[in-house]
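Chains as they are written, first to last, in my numbering: chain A, 154 to 374; chain B, 154 to 374; chain C, 154 to 374; chain D, 154 to 374. Note that the Cβ used here is the ideal one computed from N, Cα and C, for glycine as well. Note that the structure is a prediction, hence the values are computed from the model and not measured.
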DNA sequence: GTCTAATCGAGACGGTACGTCTGGTCTTTTT
DNA sequence: AAAAAGACCAGACGTACCGTCTCGATTAGAC
């Protein structure tokens with residue numbers, strides 16, 4: 154297994170933490186081992202199969218070391234997820250709204266349905282339904298930022314003059330990503346490209362987008 | 154406390170079950186006590202606070218009696234939910250598509266955010282993320298049927314000639330209800346009437362709806 | 154290993170306890186397994202090596218089963234000891250005071266220095282120094298009764314007219330057995346027959362014993 | 154609180170140790186703080202309540218500092234005890250055997266039942282039952298020397314001609330102090346002056362003591 | 001006046017056992 | 001036949017100490 158963390162490691166690692174159990178901070182080695190063990194276990198045995206004992210055992214770490222830095226197994230999973238996925242869902246910038254949105258929704262669908270991190274994410278969303286405090290942590294740690302990223306293509310289009318400025322961004326984003334999450338979390342139906350492209354098309358039609366590639370004409374195609 | 158079960162009791166009760174711990178079949182009394190205990194506990198203490206031991210204790214029933222009829226605590230909660238909410242979300246029939254959809258989405262939002270049954274439902278959706286078998290049970294026990302109910306306004310509109318027949322129903326439903334679920338399950342934002350009405354308006358615009366009240370004109374655009 | 158419990162089983166077994174985990178009482182099988190595991194462990198690994206986890210594991214019993222019936226590992230050891238040793242130290246009755254006392258002290262010395270039960274007993278006495286509540290339990294469970302047994306030879310001698318009635322029994326017993334315990338618990342010196350016989354001789358000399366075998370003479374000096 | 158160590162400090166302090174954390178030796182300040190913390194904790198919380206972590210915390214010392222100089226908590230307690238009690242139980246010299254013995258046994262009884270050091274001593278004796286290596290350390294560090302002190306009155310009496318030379322000293326000492334320890338360690342009965350005086354009387358009677366105060370007569374008064 | 005080496009406080013580390021809790025299984029008696 | 005009762009095995013929970021370790025600060029004596 155392993156997790157192939159990218160070097161960037163945007164989220165958790167405390168500044169300059171490469172030492173070993175001394176006053177100068179925690180062991181980065183132990184931290185990484187715990188995070189890897191946690192999401193390996195989630196992928197292998199599912200959410201219920203993740204226990205702090207199991208994480209500690211697989212990470213070759215003392216239980217107390219896990220408890221010292223994380224309160225619950227879901228905090229570990231969240232930490233692991235944040236580290237893995239921080240940059241997975243940044244929408245691309247092709248200079249074209251339609252293209253950007255299609256690519257972004259497709260990427261989101263694949264992330265949720267195909268990647269290990271997506272599996273972790275679904276588990277975390279699931280747990281958030283049972284634990285309001287964790288829901289808040291998940292929101293502030295990930296969802297808020299993700300919503301900001303989701304908004305980027307629209308904001309760039311506004312800047313380009315491709316899109317009217319008065320849009321209710323939040324509502325539009327919900328209409329774009331909401332159906333994707335809905336299929337992933339509740340329905341059993343596949344979330345294929347046809348589906349995500351259709352969401353984009355519906356948006357373009359209702360949002361009076363100026364098609365820059367086909368300048369001079371108004372309307373949505 | 155209590156649950157005010159409607160007489161209909163659409164789901165579980167075995168035929169002729171009014172006895173109590175005798176040779177004549179299971180005790181309907183015990184069954185009801187268990188279901189009530191389960192969702193009372195959920196409302197009071199949250200999903201984690203529901204345990205089979207706790208259910209049995211509060212229902213005044215032996216643990217084995219719970220295990221005899223349900224495999225897990227989530228099966229109890231599902232059973233309780235189905236009994237309570239079976240018909241809760243049937244969309245109304247005003248003879249007008251726009252009116253029906255607006256009312257239905259509003260009702261859905263209220264159900265999810267305000268009712269006890271909605272709280273149970275969110276908990277079950279949460280658990281389904283951790284347990285594929287339960288997810289399947291939840292789908293076949295409720296979600297599939299609910300999707301059929303969600304479709305009713307559209308189908309009636311097609312029958313009325315208000316809506317073209319070639320529509321991809323599943324995708325349209327996802328675009329209508331998906332954003333609602335998304336806000337409820339993931340975002341912290343309120344799901345007010347303005348939001349749900351906007352979803353309906355977007356649908357009407359993209360779906361070439363014939364406005365019967367304003368007959369003679371074609372399309373909405 | 155094993156413990157070869159004598160059938161008599163004077164102490165613990167609850168009345169009619171041969172069933173298995175039902176409402177009618179505890180499992181006698183589990184109880185025996187726990188007691189045997191406890192003193193096997195003590196003999197093998199010493200007092201520190203006895204843990205409730207270890208007892209449960211070796212007995213093939215759940216930890217909770219141990220905790221259900223005993224509060225601490227020392228309670229288990231005490232129970233085991235009582236069952237093993239209840240009648241181990243009853244002084245013999247030869248009809249002669251000197252003979253009885255010599256045999257009894259010799260038996261006590263051998264019990265303490267040679268038998269497994271003696272090892273358990275020393276451990277319990279040791280623990281009693283750290284735990285006043287346990288000390289009281291040990292006294293009421295064993296020591297008080299043992300002191301009564303220690304007194305028997307003297308009382309029989311009084312009944313026979315071999316010994317004056319006004320004796321301070323407690324003080325005399327302490328002078329007889331105290332030195333034995335002292336050597337066992339504190340000194341490293343052997344407690345051989347010469348030593349125990351000397352204690353008896355000193356007692357006979359100071360206690361104005363009528364030597365029935367040599368009737369007619371008074372006093373021992 | 155505190156311990157009021159007498160200046161003599163017979164046991165541990167290394168020569169010229171008043172520095173603090175440099176190459177030339179240990180910190181006497183830390184050493185004293187540890188010893189005081191250890192027996193304060195014992196008196197306050199009992200043997201079980203003494204932990205190396207607790208000692209270090211209360212002494213305001215790092216755990217490692219304790220481990221650097223002592224192997225176990227019982228070694229700390231032993232060290233503390235030796236420092237406190239080294240000369241506590243030296244029998245007086247009145248020039249009279251009976252008087253010396255009566256005073257000595259009385260002092261022993263009071264030490265064991267009344268003083269803080271006596272409480273520590275009982276705890277150490279208790280632990281020695283569980284740990285043969287510690288038992289040996291306790292014997293060589295204290296008991297052997299104490300037995301030598303116990304013997305002093307008898308040896309002086311022999312020198313004075315008050316007592317026959319052929320006596321088995323060890324056995325006689327055991328008969329004098331054994332019953333006292335026995336009552337302290339095992340029985341709940343008080344160890345009052347009447348009891349200790351009786352032990353001396355029994356000894357005098359059996360040991361053909363020449364009463365110097367009443368010279369000329371033989372026998373034990 | 002630096003340099004060196006031992007000890008100090010601090011505290012993270014891998015571990016073991018604690019005592020508690022819940023999950024599921026089982027057996028017996030009662031209805 | 002199913003209920004109530006509750007003991008059973010199993011194993012995770014979160015905590016307390018264990019004994020080891022690494023660190024940076026402190027402080028003599030050696031140079």
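Straight-line spacing of the CA atoms in residue 307/A and residue 342/B works out to 20 angstroms. Using a C-beta cut-off of 8 angstroms, the segment 323 to 343 of chain C makes no contact with the segment 227 to 237 of chain C, since fewer than three inter-stretch Cβ pairs fall below that distance. Closer than 8 angstroms to the CB of residue 264/D there is not a single CB belonging to chain C.
Rounded to the nearest angstrom, the gap between the Cα atoms of residue 361/A and residue 183/B is 60 angstroms.
Under the three-state reduction of DSSP output, residue 319/D falls in the coil class, being neither helix nor strand.
Judged by DSSP in its simplified three-state form, residue 279/C adopts helix. Closest by C-alpha distance to residue 195/D, out of 275/D, 297/D, 344/D, is 275/D. Of 214/C, 210/C, 348/C, the smallest CA-CA separation from residue 180/C is found for 214/C.
Neighbours of residue 226/A in chain B, taken as residues whose beta carbon is under 9 angstroms from its own, are absent, since the nearest beta carbon is some 12 angstroms off. Taking every protein chain shown into account, the CB of residue 351/A has 16 or more other CB atoms within 10 angstroms, so this residue is buried.
With 16 or more other Cβ atoms inside 10 Å of its own Cβ, residue 349/B counts as buried. The criterion of a C-beta distance shorter than 8 angstroms is satisfied by residue 244/D and residue 305/D. Residue burial is scored here from C-beta neighbours: residue 303/A has at least 16 other C-beta atoms within 10 angstroms and is therefore classed as buried.
Contacts between residue 339/D and chain C, judged by CB atoms closer than 7 angstroms, involve 278, 296, 334 in chain order. Interface criterion met: the Cβ of residue 352/A is under 8 angstroms from a Cβ in chain B.
The beta carbon of residue 291/A sits closer than 8 angstroms to those of 231, 277, 278, 281, all from its chain and outside the five residues before and after it, given in chain order. For residue 198/A, the nearest beta carbon of chain B is not closer than 8 angstroms to its own beta carbon. Neighbourhood of residue 348/C in chain D, by CB distance below 7 angstroms: 324, in chain order.
Here DSSP, grouped into helix, strand and coil, assigns residue 332/B to helix.
Beta-carbon to beta-carbon, residue 359/C and residue 358/D are separated by about 6 angstroms, close enough to satisfy the 8 angstroms threshold.
Taken in chain order, the whole alpha helix (DSSP H) runs of length 4 or more contained in the segment 247 to 309 of chain D are 250 to 267, 269 to 281, 285 to 291. With its beta carbon less than 8 angstroms from one in chain C, residue 342/D belongs to the interface. Taking 8 angstroms as the cut-off, the Cβ atoms of residue 209/B and residue 218/B count as close. Apart from sequence neighbours up to five positions away, the residues of its chain that approach residue 205/B with a beta-carbon distance below 6 angstroms are 219, 226, ordered along the chain. Within chain B, 341 have C-beta atoms less than 7 angstroms from the C-beta of residue 292/A, given in sequence order.
With contacts defined by Cβ atoms closer than 8 angstroms, residue 353/A and residue 261/A do not form a contacting pair. For residue 207/B, the enclosing alpha helix (DSSP H) has its first and last residue at 205 to 212. Pairing residue 284/C with residue 268/C, the inter-Cα distance amounts to about 25 angstroms. Taking the Cα positions, residue 363/A is about 55 angstroms away from residue 191/B. For the pair residue 295/B and residue 203/C, the Cα-to-Cα distance works out to about 54 angstroms. Using beta-carbon distances, residue 207/A does not count as an interface residue toward chain B, since no partner is under 8 angstroms.
For residue 359/C, the chain D residues whose C-beta falls within less than 7 angstroms of its own C-beta are 355, 358, 359, listed in chain order.
For residue 219/A, the enclosing alpha helix (DSSP H) has its first and last residue at 216 to 222.
Classified as buried, residue 331/C has 16 or more neighbouring CB atoms from the shown chains inside 10 Å of its CB.
Collapsing the DSSP output to three states places residue 342/D in coil. Judged by DSSP secondary structure, residue 229/C falls within the alpha helix (DSSP H) whose first and last residues are 226 to 238.
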